[in-house]
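Numbering (the working numbering), first residue to last: -4 to 135.
Note that beta-carbon positions come from the ideal geometry of N, C-alpha and C, so glycine has one too.
If you're wondering where the values come from, they're calculated on a predicted model, not measured in any experiment.
I have placed the structure first, in the form of structure tokens, so that the comments after it can refer back to it.
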């Protein structure tokens, strides 16, 4: 395959399969295999990117998800694709982490979850955003 063949096969006028998967991505869950047992799941996503809503410059972060599942567990490929969907969004550090939390809670409804975004320094400023959620369990 020549370089012309490669560039023709990666033409920008068609959506690539990875871009399609990211655009269609959603947080998919499956039943907790150990319902009733409290255990933690830690997920690290070191390639988070979004764009500054003011400058359009890219921001890079590592996202840490620490949660105790209830009835559902998030599927790992789904969370990877979901996180990649932020790549072209103009969104602040604070809003991105809070939106990830809202979507995660809506999908999984965990007993508890903490999501932390550790953003790489830009302009000599290092930002870490952390948000937590605990499920309200009604007791009779």
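Assign residue i to buried or exposed, taking buried as 16 or more other Cβ atoms, counted over all protein chains shown, within 10 Å of its Cβ.
i: residue 79; result: buried
i: residue 41; result: exposed
i: residue 18; result: exposed
i: residue 34; result: exposed
Quick one: what's got a C-beta closer than 8 Å to residue i's C-beta in the same chain, skipping five residues either side?
i: residue 3; result: Note on residue 3: pLDDT 49, under 50, position unreliable in the model; the coordinate value appears next. So no residue of the chain qualifies.
i: residue 66; result: 26, 27, 30, 104
i: residue 147; result: Residue 147 lies beyond the range of the chain shown here (-4 to 135); nothing can be said about it.
i: residue 94; result: 86
Under 6 Å Cβ to Cβ from residue i, same chain only, skipping five residues before and after it: list those, please.
i: residue 59; result: 39, 111
i: residue 124; result: 88, 89, 92, 112
Excluding the 5 residues flanking residue i on each side, which residues of the same chain have their C-beta closer than 7 Å to its C-beta?
i: residue 73; result: 20, 21, 22, 23
i: residue 116; result: none
Mind checking whether residue i and residue j have CB atoms under 8 Å apart?
i: residue 107; j: residue 128; result: yes
Which residue comes first and which comes last in the beta strand (DSSP E) that contains residue i?
i: residue 26; result: 24 to 26
For a minimum of 4 consecutive residues, which ranges assigned as the alpha helix (DSSP H) are wholly contained in the stretch 43 to 120?
71 to 79, 88 to 103
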